[in-house]
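Down below is the structure, laid out as structure tokens.
Chains as they are written, first to last, in the numbering used here: chain Z, 8 to 128; chain V, 13 to 145.
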């Protein structure tokens with residue numbers, strides 16, 4: 008990878024992070040309730056899009072920039088786990104469990120669905 | 013209608029995201045994985061990033077007066093970009109495609125359990141320090 012590619016990785020990673028913050032905020036303020044819908048939707052959409060890239064056989068620098076840098080930074084595992092942990096600490100065990108299991112299963116389905124769509128393109 | 017944003021907060025997230033993305037991409041390039049091997053780079057950034065987020069968020073919320081731009085830079089930007097959900101799901105999908113069932117189940121369980129415990133441990137570390145001081 009060239010220096011230019013690394014610079015793009017950084018800029019796209021920053022952009023993906025800001026996109027996550029904005030979308031999380033827009034969804035969170037409309038959804039209400041204890042379930043972290045913002046992170047959930049961000050992670051599902053990112054998993055579907057990354058599945059689509061891989062399914063469409065995007066590879067090399069294209070996959071690094073659009074996938075690893077942009078979508079990798081757009082989605083987040085640490086916030087998903089932090090929100091699950093805090094829900095558990097607030098005695099909202101059911102919501103915590105649903106958040107853990109639903110994100111995992113629906114996220115997998117999103118990646119698989121995105122892959123199928125990408126492969127069909 | 014879009015809410016108004018604090019441009020310096022967005023800039024802090026952007027800068028943190030740059031650092032997180034470069035670190036994660038660098039590790040992914042240095043330690044590439046196939047559908048048949050344990051994705052050490054992704055596993056490591058997710059566990060380390062979870063510990064860091066648990067530490068930063070607990071400390072900034074409960075221990076120190078909130079600085080307006082530390083949380084967006086360190087938490088939303090750095091830890092958010094360092095860790096990744098989409099890559100994990102696509103790695104799992106590729107493991108399932110090649111019928112590496114044991115690897116897929118083990119990777120799922122280890123990622124969830126260890127990153128969750130990392131958050132719990134970081135939270136406990138900060139809170140214990142607070143009660144001692």
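Heads up, the beta-carbon is just placed ideally off N, CA and C, and yes, glycines get one too.
Task: Identity of the residue in Z:12, Z:37, Z:26, Z:43 nearest residue 94 of chain Z by Cα - done: Working through the first chain from its first residue, we reach residue 94 of chain Z at position 87. Answer by Cα proximity: Z:43.
Open item on the list: If distances are taken between C-alpha atoms only, which option among V:112, V:115, V:15, V:137 comes closest to residue 36 of chain Z?
Closed with: Taking the first residue of the first chain as position 1, residue 36 of chain Z is located at position 29. Ranking V:112, V:115, V:15, V:137 by Cα distance to residue 36 of chain Z puts V:15 first.
Task: C-beta contact flag for residue 105 of chain V and residue 119 of chain Z at 9 Å - done: Mapped onto the second chain, residue 105 of chain V falls at position 93. Mapped onto the first chain, residue 119 of chain Z falls at position 112. For residue 105 of chain V and residue 119 of chain Z, yes; Cβs fall inside 9 Å.
Open item on the list: Suppose you measure from the CA of residue 101 of chain Z to the CA of residue 9 of chain Z; what does that come to, to the nearest Å?
Closed with: Position 94 of the first chain holds residue 101 of chain Z. Position 2 of the first chain holds residue 9 of chain Z. So the two alpha carbons sit approximately 48 Å from each other.
Open item on the list: For residue 109 of chain V, count the other beta carbons within 10 Å of its own beta carbon; 16 or more makes it buried, fewer makes it exposed. Which is it?
Closed with: Residue numbering aside, residue 109 of chain V sits at position 97 when the second chain is read from its first letter. Exposed, since its Cβ has fewer than 16 Cβ neighbours within 10 Å.
Task: Contact check, residue 86 of chain Z vs residue 91 of chain V, beta carbons under 9 Å - done: Translated into positions along the first chain, residue 86 of chain Z becomes position 79. Translated into positions along the second chain, residue 91 of chain V becomes position 79. Result yes, Cβ atoms of residue 86 of chain Z and residue 91 of chain V sit closer than 9 Å.
TODO: Please confirm if residue 127 of chain V has its CB atom under 9 Å from at least one CB of chain Z.
DONE: On the second chain, residue 127 of chain V is found 115 positions in, with the first residue counted as 1. Yes, residue 127 of chain V counts as interfacial toward chain Z.
Task: Check whether residue 24 of chain Z and residue 26 of chain V have beta carbons under 9 Å apart - done: As a first step, residue 24 of chain Z is located in the first chain; it is residue number 17 there, counting from the start. As a first step, residue 26 of chain V is located in the second chain; it is residue number 14 there, counting from the start. Yes.
Open item on the list: Just verifying my parser: in three-state terms, what is the DSSP assignment at residue 148 of chain V?
Closed with: Nothing in the structure corresponds to residue 148 of chain V, since chain V is present only between 13 and 145.
TODO: Mind listing the chain Z neighbours of residue 28 of chain V? Cutoff is C-beta to C-beta under 7 Å, in chain order.
DONE: For the purposes of this step, residue 28 of chain V is taken as the residue at position 16 of the second chain. Near residue 28 of chain V (Cβ distances below 7 Å), the residues of chain Z are 24.
TODO: Determine, using beta carbons only, whether residue 39 of chain V and residue 68 of chain V come nearer to each other than 9 Å.
DONE: As a first step, residue 39 of chain V is located in the second chain; it is residue number 27 there, counting from the start. As a first step, residue 68 of chain V is located in the second chain; it is residue number 56 there, counting from the start. No, the Cβ-Cβ distance between residue 39 of chain V and residue 68 of chain V is not below 9 Å.
- [ ] May I ask you to report which of helix, strand or coil DSSP gives residue 97 of chain Z?
- [x] Indexing the first chain from 1 puts residue 97 of chain Z at position 90. In this structure, residue 97 of chain Z counts as coil in the three-state DSSP scheme.
Open item on the list: For a cutoff of 9 Å on Cβ pairs, would you count residue 110 of chain Z as touching chain V?
Closed with: Here residue 110 of chain Z corresponds to residue number 103 of the first chain, with the count starting at 1. Chain V contact via Cβ: present.
- [ ] Answer yes or no: do residue 83 of chain Z and residue 95 of chain V have a C-beta to C-beta separation smaller than 9 Å?
- [x] The residue you call residue 83 of chain Z lines up with position 76 of the first chain. The residue you call residue 95 of chain V lines up with position 83 of the second chain. The answer is yes: Cβ separation under 9 Å.
TODO: Note down, in chain order, every chain V residue with its Cβ under 7 Å from the Cβ of residue 119 of chain Z.
DONE: What you label residue 119 of chain Z is simply residue 112 of the first chain in a count that begins at 1. In chain order: 105.
- [ ] Identify, in the order they occur along the chain, each residue of the same chain with its Cβ nearer than 6 Å to the Cβ of residue 75 of chain Z, setting aside the five sequence neighbours on each side.
- [x] Within the first chain, the letter at position 68 stands for residue 75 of chain Z. No residues qualify anywhere along the chain.
TODO: Taking all protein chains shown into account, decide if residue 122 of chain Z is buried (16 or more other Cβ within 10 angstroms of its Cβ) or exposed.
DONE: Mapped onto the first chain, residue 122 of chain Z falls at position 115. When all chains shown are included, residue 122 of chain Z counts as buried.
Open item on the list: Along the chain, where does the alpha helix (DSSP H) containing residue 50 of chain V start, and where does it finish?
Closed with: One-based indexing of the second chain puts residue 50 of chain V at position 38. That residue, residue 50 of chain V, is in no alpha helix (DSSP H); it is neither H nor E in DSSP.
Task: Of the listed residues Z:29, Z:18, Z:72, nearest to residue 21 of chain V (C-alpha basis) - done: What you label residue 21 of chain V is simply residue 9 of the second chain in a count that begins at 1. Checked all of Z:29, Z:18, Z:72; the closest Cα to residue 21 of chain V is Z:29.
- [ ] Answer with buried or exposed for residue 58 of chain Z, where buried requires no fewer than 16 other C-beta atoms within 10 angstroms of its C-beta.
- [x] Taking the first residue of the first chain as 1, we reach residue 58 of chain Z at position 51. Residue 58 of chain Z is buried by the Cβ-count criterion.
- [ ] Ignore the nearest five residues each way along the sequence and tell me which others in residue 49 of chain Z's own chain have a CB closer than 7 Å to its CB.
- [x] Within the first chain, residue 49 of chain Z is the residue found at index 42, counting from 1. For residue 49 of chain Z, where only same-chain residues beyond five positions count, the Cβ hits under 7 Å are 27, 30, 31, 81, 82.
Task: Residue from Z:109, Z:34, Z:73, Z:33 with nearest C-alpha to residue 99 of chain V - done: Translated into the one-based positions of the second chain, residue 99 of chain V becomes position 87. Looking at the Cα atoms, Z:73 is the closest of the given residues.
Task: DSSP-derived helix/strand/coil call for residue 42 of chain Z - done: Position 35 of the first chain, counting from 1, holds the residue named residue 42 of chain Z. The answer is coil: DSSP assigns residue 42 of chain Z none of H, G, I, E or B.
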